[in-house]
Amino acid sequence: MFLNKFIIKPIKLIKLINHLPLRSYHQYYLTTKLVNKNVLNIFNHLNKRDSVFNYGKNEFSLIQSKNLSTGNGKNESNITSNNDLNKIYSDTLLLPKTNFPLRADAVNREILFRDRCTKDLYQWQLENNPKELYILHDGPPYANGNLHIGHALNKILKDIINRYKVLNGHKVNYIPGWDCHGLPIELKALTELKNVDNYSLTPLQIRNVARQCALNALENQKKEFINWGIMGDWENPYRTLDKEYEVKQLQVFHELLKKGYIYRQNKPVYWSPSSRTALAEAELEYKDDHQSRSVYVKFPMINSSKYEQSKFKNSFNIMAYILTLLSLALDLPIVPRDNLHVLIWTTTPWTLPANQAVAINPNMEYSIVCPTNIDHNTSTIHYYIVAAKRIDALQKVLGTELSVKSTFEGRKLVGATYMHPINMQQCKIIEASHVTEESGTGLVHIAPGHGMEDYETCKKLSVPMICPVDEFGNFNSEVGNPTFEGKFVLTNGTSAVIEYLKENNNLIKEVKFIHKYPYDWRTKKPIILRATAQWFANVGAIKQKAIESLQEVKMVPEAARYRLEQFTLSRSEWCISRQRSWGVPIPVLYETETDIPLLTNSSIKHIIEIVKEHGSDGWWEINEKDLLPPEYKNNGKTYRRGNDTMDVWFDSGVSWTYILKKFKREDSKAISDLYVEGSDQHRGWFQSSLLTSIAVNNKAPYSALITHGFVMDEQGRKMSKSIGNVVDPNTIIKGGKNIKKDPAYGVDVLRLWVASSEYIKDVNIGNTVMKQVGENIRKYRNTARFMLGNLYNFRYDQLVDYEELYPTFYDDYTFNKVIQTLNYFTNTLLSAFYFDIIKDRLYADYLTSQSRKNVLTVLYHILNVYAITLSPIVPHLAEEIYENYKTVGPKEYDSIFRLGWYNLEEKWNNQPLRQEWDVLKHLRNDVNQLLEVARKDNSLEANVELYVTTTELFNLLHRHKLDLKSIFITSDATISSFDKDSRLTEPTPSYIHETDFPEGIKGNCKIVVKKASLFKCPRCWNYNAQIEGGLCKRCENVLAIS
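Heads up: the sequence shown begins at 1 in the UniProt record's numbering, then just goes up one per residue.
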């Protein structure tokens, strides 16, 4: 009667069970073998293994209940019974519990952890970390405009390095800086003063507005940097506009002057008509597709008989020699001298009015040629002198064959004269080693006022220089032709010159020429070379010492060394003066009558004292007489202050003085440990810092340099507003207008993108890239969540020893390898392997079993390594993880960074054990493949039998005998010795596979997969139960202990 009631009304069974001791229930249940059909339905549905992490009792029950089939949908009592029965064993499982969410509202959650991992941490590590100071010196961004994705790449790289150093116990000094002077800020100030005539503005009026523009931009940029989780001394940044900084800058200038490195010279410099100032090489960018109007122009040779032979003796003899050669070649008594010309080619026709010579290479061969398409009866025959090896190329350009009349050495031309094609003056042919046969005609038009090589060549030969171009890039009155005056040299000025040449029959050919050409990096307009009086620093005197000092500097990548060395070696001087108001003044006064500069030790010291009190504005605020030191005030001369300011690269290039003043170090050590900037800084800040430090300190200012590339779009293109491919870091963090297209990823995803990039090259970014990075961080959260969920009831005093878990690449700055290793660790070793093989022990063992404690110990160590490894890269996520397990550790800290780098015990670095696990993982892969084959026929739970052929392999597997079934995730695994020549004969269904092991492991193994012989345990789902529907021995014991 009792049994009938039990079968008919399962709900009463549950009530009965609730009042029975667990041991009594199991005995009763196993002996009667009476299982209600509804209960079996439930347990059958539990047969399906779950491949994802499921958290919490309620979630676990819900997953089970979704697949229930009661057999009678109308019977509500049966449905209730099934749900209750469903909880019988789920309540006994130790399922994960955690408040750590899988998906977080990153934008808002990150703010919760911002202060603890930035400003609070920065101050704490300076006060508490025991190791010596580590100085990463910040290259100052320009205090103008909004931050872009390149700023994010740079600042986040620096922050990752600093955070790693903090974890390793160093006191980290990171003082952010800003470059606050220069043209872009001055132009912005002029824009804000647009209602005022620029030419009526005083320097002080411009400077006051420019200063405010810089400070406003600086504050906006600072807020963004802080929001990116950048740790630093944001309350005390260095700014190149602060008077303390300006004083240090002038003191460096003074040191260079005392050592003879500073001088003034009138010579060609890069000049920006759009900015109306001289530029340094570092302020140029090159446009590859610039189009010039190149011209081939003839310069008539002069008939020397018109001049006194005594005055032009060399010229007369050369002309006589050439004309004799030509006459003999043509079988004529004499060649008309007015028909002989030198032929030149130039891409800058506007420089022809400033022509002072034609250069040839004395070691090259030259020929006299004439076109063959001339009618000798009706046309005047013209003969041209060109390089012999350029004849073939010239025939193609000019569209005619050239008949060679004579060939001779170039040195025979030196000293001959020609007629200037515009001002009709007599000029000489000179020799120059830079003339080659690679392009043009082999004869080069020389304008020393518009070319550096031209200037140097003419200076040696005392050839005079003219520069008929004003600061706006227009021809002035010195041009020699009134029709050219006032025209802009790069447009209508060029047209006017070409038209004049054409009208006077001196233009042979005009050809459009596409080539690389320098542009002003700020205005994006082409520059010119123009001779002006400028102040220079003599780089030639110190560059060899600079190159030698680089041998002691670590370079990442190593290829950056050659690039920096070549840029340094290519410079002989540095133009440090600029014709603008917003900057640090070059402290020079000039005699009013003679324009002779006053620049002495006493004059500079006097001006430095003024700047200490008034800042650099004092140069313009104070009466000129008061700018003079006492000994010059009553010497009978009057002086005017100079209007030039210093190159901004000089401003930022002396930033090491700020570090030197704030942190004293031994002379043998570099001023800073590391500089990190983009590849454009090899000719910019890296170089200006090196040169100024060598000049003053006789050593490089850094012990290591890291060079990163530029940020491109996903197609590898430069970012451009016109293309529409600009990626705004704020859009990545906060999301765009179209949230589906541009979701809000938060700061840590942006930081993870930086760390994932091979930053020593140009890096790509776009929606596809960021989607993948976002997926990676989701996996990190998921992995951490699994570990947190299982450590909810674990205590630190339960730890036991285990093996080493994770290597790091931080020391080599290869952060992408950190991420690659972490991804492999997350996806392959943890999610797809370790987490799978430990779930049974975690969920089904009793709470304090040694086996479960071992697993929890490993999880604790893994989580520590995992979170701390992530922390320099994604500090907000790392802090959130730590917030959820910090009570587990021996001591609670306010921040994960206060734990320090997690160093595992050396004894865990067990190489023999590592090799054994490599064998086990190899074997597991083969077992999994065989299981997949087995599941094509049916979905039975399996047992694995291993037959090994050597004692060595048998012993290895036997040492891990108890773990094998967990590793294979099967109900059982056995090991047997086996003769490799024997054959296994097994009844169907069984599956046999032979596996070979990696080199170094002797023997092989035959794997047999069979259907499990026992029954499925309804609690742990393993097929280890002795009777159908019964519990396995392990689960019986767990429930009995519970």
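Cβ coordinates follow ideal geometry from the N, Cα and C atoms, glycine included.
Can you tell me which of the three DSSP states F299 falls into?
Mapped onto the sequence shown, residue 299 falls at position 299. In the structure shown, F299 sits in a strand (DSSP, three-state: E or B).
Going by the beta-carbon positions, is the gap between E485 and I498 smaller than 8 Å?
Counted from its first residue, the sequence shown places residue 485 at position 485. Counted from its first residue, the sequence shown places residue 498 at position 498. Against a cut-off of 8 Å, the Cβ pair of I498 and E485 comes out as no contact.
Out of N776, G678 and N823, which has the shortest C-alpha to C-alpha gap to I760?
Start at 1 with the first residue of the sequence shown, and residue 760 comes out as number 760. Check the Cα spacing between I760 and each of N776, G678 and N823: the tightest is with G678.
Spatially closest choice to N129 from G1030, G150, F897 and N1037, by CA coordinates
On the sequence shown, residue 129 is found 129 positions in, with the first residue counted as 1. Nearest option by C-alpha distance: F897.
Helix, strand or coil for S275 per DSSP?
Position 275 of the sequence shown, counted from the start, is the residue given in the question as residue 275. It is coil, neither helix nor strand.
To which residues does DSSP link Q544 through a beta bridge?
Translated into positions along the sequence shown, residue 544 becomes position 544. Paired residue(s): none; Q544 is not in a bridge.
Start-to-end residues for the alpha helix (DSSP H) that takes in I733:
For this step, residue 733 is matched to residue 733 along the sequence shown. Looking at the DSSP string, the run of the alpha helix (DSSP H) that includes I733 is P729 to K734.
Checking 8 Å against the spacing of the C-beta atoms, do I1007 and V944 come in under that value?
Along the sequence shown, read from residue 1 onward, the residue named residue 1007 stands at position 1007. Along the sequence shown, read from residue 1 onward, the residue named residue 944 stands at position 944. Yes, the Cβ-Cβ distance between I1007 and V944 is below 8 Å.
With DSSP collapsed to three states, give me the class of C1005.
The residue labelled residue 1005 in the question sits at position 1005 within the sequence shown. Three-state DSSP puts C1005 in a strand.
Taking only the alpha-carbon atoms, compute the straight-line gap between L62 and S90 and give it to the nearest angstrom.
As a working mapping, residue 62 is identified with position 62 in the sequence shown. As a working mapping, residue 90 is identified with position 90 in the sequence shown. Because the pLDDT of L62 is 32, which lies under 50, any placement of that residue in the model is unreliable, and the number read from its coordinates should be weighed accordingly. Each residue's Cα considered, the two are about 11 Å apart.
Length of the line joining the Cα atoms of D845 and L93
The residue given as residue 845 occupies position 845 in the sequence shown. The residue given as residue 93 occupies position 93 in the sequence shown. For D845 and L93, the distance between alpha carbons rounds to 8 Å.
According to DSSP, simplified to helix, strand and coil, what is W1021?
In the sequence shown, residue 1021 corresponds to position 1021, counting from 1. In this structure, W1021 counts as coil in the three-state DSSP scheme.
In chain order, what are the residue ranges of uninterrupted beta strand (DSSP E) at least 3 long that sit wholly in the segment 654 to 711?
674 to 678 and 704 to 708
Beta carbon of I206 nearer than 8 Å to that of E186:
Position 206 of the sequence shown, counting from 1, holds the residue named residue 206. Position 186 of the sequence shown, counting from 1, holds the residue named residue 186. Yes. Within cutoff.
Proximity test, N698 beta-carbon vs the ligand SAH heavy atom, cut-off 7 Å:
Summarising the ligand content, the structure contains no ligands, and the ligand SAH is consequently not present.
Could you tell me which uninterrupted alpha helix (DSSP H) segments, each at least 4 residues in length, are contained entirely in the segment 595 to 653, listed from first to last along the chain?
601 to 614, 618 to 621 and 648 to 653
Hey, out of E593, A1040, S616 and H960, whose CA is closest to R640's CA?
Position 640 of the sequence shown, counted from the start, is the residue given in the question as residue 640. Of E593, A1040, S616 and H960, the residue nearest in Cα terms is E593.
Check each candidate in M231, L788, E880 and Y902 and name the one with the smallest Cα separation from V855.
As a working note, residue 855 is residue 855 in the sequence shown. When only C-alpha atoms are compared, the closest one is L788.
Are three or more beta carbon pairs between the segment 380 to 392 and the segment 441 to 457 nearer than 8 Å?
yes
Residues that I528 bridges to, as DSSP identifies them
Counting from one through the sequence shown, the residue named residue 528 turns up at place 528. DSSP output for I528 lists W271 as bridge partner(s).
In whole angstroms, what separates the C-alpha of R1034 from that of A832?
In the sequence shown, counting from the first residue as 1, residue 1034 sits at position 1034. In the sequence shown, counting from the first residue as 1, residue 832 sits at position 832. Going from the Cα of R1034 to the Cα of A832 covers about 25 Å.
Supposed close pair V754, L157 - CB separation, criterion 8 Å:
Sequence index remark: in the sequence shown, residue 754 carries index 754 (1-based). Sequence index remark: in the sequence shown, residue 157 carries index 157 (1-based). Right, the Cβ-Cβ distance comes to about 6 Å (below 8 Å), so this counts as a contact.
Close Cβ partners of P518 (< 6 Å) along its chain, the five nearest in sequence each way excluded:
For the purposes of this step, residue 518 is identified with residue 518 of the sequence shown, where counting begins at 1. Here the set comprises L284, Y286 and I527.
Any chance the segment 230 to 247 sits against the segment 164 to 181, with 3 or more Cβ pairs inside 8 Å?
At 8 Å Cβ cutoff, the stretches touch.
To the nearest angstrom, report how far apart residue 1043 and K223 are at their CA atoms.
Missing from the structure shown is residue 1043; the chain here goes from 1 to 1042 and no further.
Helix, strand or coil for F567? Go by DSSP, reduced to three states.
In the sequence shown, counting from the first residue as 1, residue 567 sits at position 567. F567 falls in the helix class under three-state DSSP.
Would DSSP call G177 helix, strand or coil?
What you label residue 177 is simply residue 177 of the sequence shown in a count that begins at 1. Residue state for G177 is assigned as strand, using DSSP reduced to three classes.
What residue does the beta strand (DSSP E) around P371 start on, and which one ends it?
Stepping through the sequence shown from its first residue, residue 371 is reached at position 371. For P371, the enclosing beta strand (DSSP E) stretches over residues E365 to P371.
Helix, strand or coil at L1031 [DSSP, three-state]
Position 1031 of the sequence shown, counted from the first residue, corresponds to residue 1031. Coil.
Residues near A1025 in its chain [Cβ-Cβ closer than 7 Å; skip 5 each side]:
On the sequence shown, residue 1025 is found 1025 positions in, with the first residue counted as 1. For A1025, where only same-chain residues beyond five positions count, the Cβ hits under 7 Å are L1014, F1015, K1016, C1017, L1031 and C1032.
According to the neighbour-count rule (16 or more other Cβ atoms, all chains shown, within 10 Å of its Cβ), is E892 buried or exposed?
If you number the sequence shown from 1, residue 892 lands on position 892. E892 should be labelled exposed.
How far does the alpha helix (DSSP H) with S495 in it extend, from its first residue to its last?
As a first step, residue 495 must be located in the sequence shown, where it is residue number 495. Start and end: N492 to E503.
Measure the CB-CB distance between R278 and T692 and report whether it falls below 8 Å.
The sequence position of residue 278 within the sequence shown is 278, counting from 1. The sequence position of residue 692 within the sequence shown is 692, counting from 1. Before going on, a small fix: residue 278 reads as Ala here, not Arg. At least 8 Å separates the beta-carbon of A278 from that of T692.
Which residue wins for smallest C-alpha separation from E952, given the options K248, G1003 and S570?
As a working mapping, residue 952 is identified with position 952 in the sequence shown. Nearest of K248, G1003 and S570 to E952, Cα basis: G1003.
Nearest residue (CA-CA) to I733, options A744, I111, L842 and S688
Here residue 733 corresponds to residue number 733 of the sequence shown, with the count starting at 1. The residue with the shortest Cα to Cα distance from I733 is A744.
Would you decide whether D595 is buried or exposed? Buried here means 16 or more other CB atoms lie within 10 Å of its CB.
The residue labelled residue 595 in the question sits at position 595 within the sequence shown. By the neighbour-count rule (16 or more Cβ atoms within 10 Å), D595 is not buried but exposed.
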